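Chemist: Line by line, the protein sequences give chains A and B. Taking the numbering used here as reference, the numbering of the first sequence is continuous, increasing by one, and the terminal residue is 485. Taking the numbering used here as reference, the numbering of the second sequence is continuous, increasing by one, and the terminal residue is 134. Positions of the beta carbon are idealized from the N, C-alpha and C atoms, including for glycine. All figures in this text were calculated on a predicted structure; none of them were measured in a lab. Take this structure, written in structure tokens, and hold onto it; I'll ask about it next.
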Amino acid sequence: GQSLEQPSEVTAVEGAIVQINCTYQTSGFYGLSWYQQHDGGAPTFLSYNALDGLEETGRFSSFLSRSDSYGYLLLQELQMKDSASYFCAVRAYRSGNTGKLIFGQGTTLQVKP
Amino acid sequence: NAGVTQTPKFQVLKTGQSMTLQCAQDMNHEYMSWYRQDPGMGLRLIHYSVGAGITDQGEVPNGYNVSRSTTEDFPLRLLSAAPSQTSVYFCASSYDGGPGTFNEQFFGPGTRLTVL
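What follows is the structure, encoded as structure tokens:
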């Protein structure tokens with residue numbers, strides 16, 4: 373089966389750096405992606421790692437280590453608007469098709485002034 | 019483009035009633051899926067489809083049926099609603115490049131369902 377583990381909550385102050393970790397178990401790993409969801413809204417795509425290393429997109433970076441089945445999302449220069457839930461996701465292999473995208477339980481980030 | 023649309027936005031059902039949650043996308047995406055979101059449980063996959071006429075089960079398929087007769091539409095049917103199905107339901111779609119490819123998921127605004 374597939375499973376992902378994330379911390380349930382993280383708190384940080386405005387301007388700081390925060391790291392949200394994700395460990396996963398899945399067959400036929402295709403890559404790790406991250407989504408952001410503000411309260412009451414729909415999830416939106418943030419970042420994707422297919423290979424080991426760091427991917428940077430503005431204030432957000434995502435890291436993957438396939439040998440450790442581990443990744444993280446790094447948010448720099450935190451702003452109040454970054455208060456949201458963050459989900460990691462992996463695609464589980466399915467013979468004959470693209471397979472299903474499975475999400476972690478999400479990490480709620482609270483940014484304080 | 020409207021993206022992914024879902025109707026209704028809110029729905030209240032009584033136990034045992036049936037209903038269909040509608041999902042449509044205008045991006046010509048092959049891949050469509052349904053998730054439910056409960057507090058503390060993240061997004062759990064109910065069913066997904068990789069193209070018209072092809073559907074498969076997700077993590078929590080019991081109590082839900084789907085079909086995919088067109089590329090655009092992917093309705094979710096609750097045959098006999100139960101209080102345990104009270105949740106927020108999200109539909110998502112993406113391009114499908116095949117096994118091993120990355121495909122950004124685009125989510126609809128959600129349907130908030132309460133079963134009494």
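#1: Alpha carbon to alpha carbon, how far is tyrosine 396/A from aspartate 440/A? Give it in angstroms, no decimals.
#2: Once DSSP output is grouped into helix, strand and coil, what is the label at aspartate 91/B?
#3: Need the endpoints of the beta strand (DSSP E) that alanine 42/B sits in, please.
#4: Would you mind sorting leucine 98/B into buried or exposed? The rule is 16 or more other CB atoms within 10 Å of its CB.
#5: Report the rounded CA-to-CA distance for tyrosine 442/A versus glutamine 391/A, giving the unit in angstroms.
#6: When burial is assigned at 16 or more other CB atoms within 10 Å of the CB, is proline 415/A buried or exposed?
#7: Counting only the same chain and skipping the five closest in sequence on each side, list residues whose C-beta sits under 8 Å from that of asparagine 121/B.
#8: May I have a chain-ordered list of the beta strand (DSSP E) segments no shorter than 3 residues that lie completely inside the region 376–418 of chain A?
#9: Who pairs with valine 84/B in a beta bridge, going by DSSP?
#10: Under 9 Å between beta-carbons, which chain B residues line up against phenylalanine 432/A? List them in chain order, please.
#11: Is the separation between the beta-carbon of aspartate 44/B and that of asparagine 19/B shorter than 8 Å?
#12: For isoleucine 72/B, collect the residues of the same chain with a Cβ closer than 8 Å to its Cβ; drop the 5 residues on either side in sequence, then sort them by chain order.
#13: Could you tell me which chain B residues have their CB closer than 9 Å to the CB of tyrosine 420/A, listed as they occur along the chain?
#14: Measure from the C-beta of tyrosine 82/B to each C-beta in chain A and report whether the shortest distance is under 8 Å.
#15: Can you tell which of Cys394/A, Gln374/A, Ser375/A has its C-alpha closest to the C-alpha of valine 382/A?
#16: Would phenylalanine 459/A pass as a contact of glycine 430/A if the rule is Cβ separation under 8 Å?
#17: My parser needs the beta strand (DSSP E) runs of 3 or more residues fully inside the region 428–474 of chain A; what are they?
Modeler: In brief:
#1: Position 68 of the first sequence, counted from the first residue, corresponds to residue 440/A. Position 24 of the first sequence, counted from the first residue, corresponds to residue 396/A. Distance between the alpha carbons of aspartate 440/A and tyrosine 396/A is about 9 Å.
#2: Stepping through the second sequence from its first residue, residue 91/B is reached at position 73. If DSSP states are grouped into helix, strand and coil, aspartate 91/B belongs with the strands.
#3: Here residue 42/B refers to the residue found at position 24 when the second sequence is read from its first residue. Per DSSP, alanine 42/B belongs to the beta strand (DSSP E) from 37–43.
#4: As a first step, residue 98/B must be located in the second sequence, where it is residue number 80. Note on identity: in this sequence residue 98/B is serine, with leucine being the wrong assignment. Exposed, by the Cβ-count rule.
#5: Stepping through the first sequence from its first residue, residue 442/A is reached at position 70. Stepping through the first sequence from its first residue, residue 391/A is reached at position 19. Answer to the nearest angstrom: the Cα atoms are 13 Å apart.
#6: Position 43 of the first sequence holds residue 415/A. Buried.
#7: Reading the second sequence from its first residue, position 103 is the one you call residue 121/B. The residues are Tyr49, Ser112, Tyr113, Asp114, Gly115.
#8: Fully enclosed beta strand (DSSP E) runs of no fewer than 3 residues occupy 381–385, 390–397, 404–409 of the region 376–418 of chain A, in order along the chain.
#9: Indexing the second sequence from 1 puts residue 84/B at position 66. According to DSSP, valine 84/B bridges with Leu94/B.
#10: In the first sequence, residue 432/A corresponds to position 60, counting from 1. Per Cβ cutoff of 9 Å: no residues; phenylalanine 432/A is ~15 Å from chain B at best.
#11: Translated into the one-based positions of the second sequence, residue 44/B becomes position 26. Translated into the one-based positions of the second sequence, residue 19/B becomes position 1. With respect to asparagine 19/B, aspartate 44/B sits close: the two C-beta atoms are nearer than 8 Å.
#12: What you label residue 72/B is simply residue 54 of the second sequence in a count that begins at 1. Closer than 8 Å at Cβ, skipping near neighbours: Arg86.
#13: In the first sequence, residue 420/A corresponds to position 48, counting from 1. Result: Phe120, Glu122.
#14: As a working note, residue 82/B is residue 64 in the second sequence. Taking a beta-carbon distance threshold of 8 Å, tyrosine 82/B does not count as an interface residue toward chain A.
#15: As a first step, residue 382/A must be located in the first sequence, where it is residue number 10. Taking the Cα of valine 382/A as reference, the smallest distance to any Cα among Cys394/A, Gln374/A, Ser375/A is reached at Cys394/A.
#16: Within the first sequence, the letter at position 87 stands for residue 459/A. Within the first sequence, the letter at position 58 stands for residue 430/A. Glycine 430/A is positioned such that its CB atom lies no closer than 8 Å to that of phenylalanine 459/A.
#17: Qualifying beta strand (DSSP E) stretches, in chain order: 432–437, 442–447, 456–466.
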